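So in full-length UniProt numbering, the last one in the sequence shown is 388, and the numbering has no gaps at all. Beta carbons are placed, not taken as given, at the ideal position from N, Cα and C, and that holds for glycine. As the structure is a prediction and not an experimental result, all values here were calculated from the model. Comments concern the structure below.
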Amino acid sequence: MPMINASLISELIASQPEVHSSCLEINLKDACYRVHSNSETLLQELADYFGNLSVWSDEDTNSDKTQTWETIFIFESSLAEELIAATDWQDWKREAGKSGRKDAVYDLDTAHGKLRLLYKVKTGMLFLQPARPTPEFPLMAFGPAEKHPNQIINFILTQYLNRHIRSNWLLGHAAGLQIKQQGVAIAGLSGGGKSTLMLHLLEEGEHFISNDRLLFKADAAEHMLMRGIPKQPRINPGTIVHNPRLHSLISEQQRSEFLAMPQEALRALEMKFDAPVDRLYWENCYVQERELDWIVILNWQAVSNERTQVHRTTLQESPHLIPALVKSPGPFYSDASGEFLKNGLIPNPLDYQQALGKVPVLELTGKIDFTEAKSLILDQLNQSSENL
């Protein structure tokens, strides 16, 4: 396979399609993104997804002249196919327990700085990730974007995560919500189900904060904060069929077909549905940040003769639970010095123990039982509220 050369990238950028005059501005906590595209369909889908966090804008109607924006270009285009074919890709190492090719990368130095190309093997999307994006050297994506809007959403939100990690926030693999006026993070060591449990608890809660990624950092008063991303919960059919609030996400026929499947087959089914919490639960259900009061770690099993139990501990007392929270920033990440994350490098578990070691942890063990887990967690939260 011929080696990539900078001229192919220059040709790709020079031949990019013309974008629409209006772009989409996405306003997040301490960060804003301006998304340009040649696809009105894609921009509208992003606007629907981000809801009141996004506004339409053009050069004459900038909503905030003082705001610093990061610019992202998304092209519905086949122009990148030559570049993809000419690149000597390196497969990105996947996390433990996951198999199959997903991402491939290629790094190079350009006149504008370091650049990482990332190729989504299954979808054909190509992403251009500068180590230090600038207006002259912006974030870009080429490919069948309209077919894969979720990858575009992930690309945008990954920039948000990267920005925080470079500012010493700690990335965690966890869901988050506010319930009983307390901030709860949920991570899974084994068995999974953090999104399902989070949605069960949200019935008694006030706010959804995040589905799968949380950022942690202590504020000036040494209160630990958790900050989420506006990524809607992506849930499997098994979660939907047993939760009446979620039934509108599928048809009655689909629900009947899923209910007829054996439980193990339904659990293993690789199919996800977006669950827009502001529509399914209540208005302004999503909030971006909350103090962290509890960490729930799922250490239960799908097949177990043991009843569901809760054990109160901390990460200092039970460091074996830390892997449930550890999450790599992934191939799009570059540090504050402009160096991309090395392939296969994993975060240091001691960083999690140091930052979160004193936060109360509720470890769930035994068999998977969401109803019982909800009851056990609420008991702990109610006791905490009474002691305040």
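Exercise for the section: Quick one: which unbroken beta strand (DSSP E) runs of 3-plus residues sit fully inside the stretch 9–38? Chain order, please. Expected result: 23–28 and 31–37
Practice task
Work out the CA separation of residue 295 and residue 217 for me, nearest whole Å.
Solution key: On the sequence shown, residue 217 is found 217 positions in, with the first residue counted as 1. On the sequence shown, residue 295 is found 295 positions in, with the first residue counted as 1. Answer to the nearest angstrom: the Cα atoms are 14 Å apart.
Practice task
With distances taken Cα to Cα, identify the nearest neighbour of residue 50 among 231, 96 and 381.
Solution key: Within the sequence shown, the letter at position 50 stands for residue 50. The residue with the shortest Cα to Cα distance from residue 50 is 231.
Handout entry: Start-to-end residues for the beta strand (DSSP E) that takes in residue 140
Key = Stepping through the sequence shown from its first residue, residue 140 is reached at position 140. Element bounds for residue 140: 139–143.
Practice task
Please report the Cβ distance between residue 159 and residue 33, rounded to the nearest whole angstrom; I am assuming they are in contact, meaning their Cβ atoms lie under 8 Å.
Solution key: Start at 1 with the first residue of the sequence shown, and residue 159 comes out as number 159. Start at 1 with the first residue of the sequence shown, and residue 33 comes out as number 33. Indeed, because the Cβ distance is near 7 Å, the residues count as touching under 8 Å.
Exercise for the section: Could you round the C-beta distance between residue 202 and residue 170 to whole angstroms and report it? I think they count as a contact, below 8 Å. Expected result: Looking up residue 202 in the sequence shown gives position 202. Looking up residue 170 in the sequence shown gives position 170. About 24 Å separates the two Cβ atoms, so there is no contact after all.
Handout entry: Residues near residue 157 in its chain [Cβ-Cβ closer than 7 Å; skip 5 each side]
Key = Position 157 of the sequence shown, counting from 1, holds the residue named residue 157. Answer for residue 157: 229 and 231, listed in chain order.
Practice task
Can you give me the Cβ contacts of residue 205 inside the same chain, cut-off strictly under 7 Å, excluding the 5 residues immediately before and after it?
Solution key: Working through the sequence shown from its first residue, we reach residue 205 at position 205. For residue 205, where only same-chain residues beyond five positions count, the Cβ hits under 7 Å are 177, 178 and 179.
Handout entry: For residue 83 and residue 2, the rounded distance between their alpha carbons
Key = Residue mapping note: residue 2 aligns to position 2 of the sequence shown, counting from 1. Residue mapping note: residue 83 aligns to position 83 of the sequence shown, counting from 1. Below a pLDDT of 50, predicted positions are generally treated as unreliable, and residue 2, at 41, falls in that range; no measurement from the model is reported.
Practice task
Check whether the Cβ atoms of residue 273 and residue 162 lie closer than 8 Å to each other.
Solution key: Sequence index remark: in the sequence shown, residue 273 carries index 273 (1-based). Sequence index remark: in the sequence shown, residue 162 carries index 162 (1-based). No; because the gap between Cβ atoms is not below 8 Å, this pair is not in contact.
Exercise for the section: For residue 217, name the three-state secondary structure that DSSP assigns. Expected result: In the sequence shown, the residue the question calls residue 217 occupies position 217. In the structure shown, residue 217 sits in a strand (DSSP, three-state: E or B).
Practice task
Buried or exposed for residue 41, please, with buried defined as at least 16 other CB atoms from any protein chain shown within 10 angstroms of its CB.
Solution key: Here residue 41 is taken as the residue at index 41 of the sequence shown, counted from 1. Residue 41 should be labelled exposed.
Practice task
On the DSSP bridge assignment, give the partners of residue 130 in chain order.
Solution key: Along the sequence shown, read from residue 1 onward, the residue named residue 130 stands at position 130. Paired residues: 115.
Exercise for the section: For residue 350, count neighbouring C-beta atoms within 10 Å of its own C-beta (all shown protein chains included) and say buried if the count is 16 or more, exposed if not. Expected result: Within the sequence shown, numbered from 1, the residue matching residue 350 stands at position 350. Classification for residue 350: exposed.
Handout entry: Residues of its chain near residue 224, where Cβ-Cβ distance is below 8 Å and the 5 sequence neighbours each way are ignored
Key = Sequence index remark: in the sequence shown, residue 224 carries index 224 (1-based). Taken in chain order, the residues that qualify are 216, 217, 218, 291, 292, 355, 356 and 359.
Practice task
Along the beta strand (DSSP E) that carries residue 238, what are the first and last residues, could you check?
Solution key: Along the sequence shown, read from residue 1 onward, the residue named residue 238 stands at position 238. Counting along the chain, residue 238 falls outside any beta strand (DSSP E), though it belongs to the alpha helix (DSSP H) covering 237–241.
Handout entry: Whether residue 96 touches residue 113 by CB criterion (8 Å)
Key = Against the sequence shown, residue 96 aligns to sequence position 96. Against the sequence shown, residue 113 aligns to sequence position 113. In this structure, residue 113 does not lie closer than 8 Å to residue 96 by Cβ.
Exercise for the section: Hey, could you find the ends of the beta strand (DSSP E) residue 105 is sitting in? Expected result: What you label residue 105 is simply residue 105 of the sequence shown in a count that begins at 1. It spans 103–110 - the beta strand (DSSP E) in which residue 105 sits, taken as one unbroken run.
Exercise for the section: Counting only the same chain and skipping the five closest in sequence on each side, list residues whose C-beta sits under 6 Å from that of residue 115. Expected result: Within the sequence shown, numbered from 1, the residue matching residue 115 stands at position 115. Taken in chain order, the residues that qualify are 108 and 130.
Problem - At least three beta-carbon pairs within less than 8 Å, the stretch 332–348 to the stretch 297–308 - result: no
Exercise for the section: Count the other C-beta atoms from every protein chain shown that fall within 10 angstroms of the C-beta of residue 363, then say buried if there are 16 or more, exposed otherwise. Expected result: On the sequence shown, residue 363 is found 363 positions in, with the first residue counted as 1. Buried.
Exercise for the section: Identify the continuous beta strand (DSSP E) that holds residue 171 and give its terminal residues. Expected result: Position 171 of the sequence shown, counting from 1, holds the residue named residue 171. It spans 170–172 - the beta strand (DSSP E) in which residue 171 sits, taken as one unbroken run.
Problem - beta strand (DSSP E) runs wholly inside the stretch 285–317, at least 3 long, in chain order - result: 289–291, 294–299 and 309–313
Exercise for the section: Give the C-beta separation of residue 213 and residue 102 to the nearest angstrom, bearing in mind that I take them to be a contact with Cβ-Cβ under 8 Å. Expected result: Position 213 of the sequence shown, counting from 1, holds the residue named residue 213. Position 102 of the sequence shown, counting from 1, holds the residue named residue 102. The Cβ separation is near 17 Å, so there is no contact.
Problem - Beta-carbon proximity of residue 245 to residue 280, cut-off 8 Å - result: Position 245 of the sequence shown holds residue 245. Position 280 of the sequence shown holds residue 280. Contact: yes.
Practice task
Following the continuous alpha helix (DSSP H) through residue 82, name the residue where it begins and the one where it ends.
Solution key: Numbered from its first residue, the sequence shown carries residue 82 at position 82. First-last of the alpha helix (DSSP H) with residue 82: 81–85.
Exercise for the section: Please determine, among 365, 248, 380 and 250, the residue with the shortest C-alpha to C-alpha distance to residue 303. Expected result: Position 303 of the sequence shown, counted from the start, is the residue given in the question as residue 303. Checking every option, the nearest Cα to that of residue 303 belongs to 365.
Practice task
Output the boundary residues of the alpha helix (DSSP H) element that contains residue 195.
Solution key: Residue 195 sits at position 195 when you count from the first residue of the sequence shown. That run of the alpha helix (DSSP H) goes 194–202.
Practice task
Hey, could you find the ends of the alpha helix (DSSP H) residue 41 is sitting in?
Solution key: As a working mapping, residue 41 is identified with position 41 in the sequence shown. Here the alpha helix (DSSP H) through residue 41 covers 40–50.
Practice task
Along the alpha helix (DSSP H) that carries residue 277, what are the first and last residues, could you check?
Solution key: The sequence position of residue 277 within the sequence shown is 277, counting from 1. Run containing residue 277: 277–280, per the alpha helix (DSSP H) assignment.
Problem - Inter-stretch contact at 8 Å, needing at least 3 Cβ pairs: the stretch 19–27 / the stretch 144–151 - result: no
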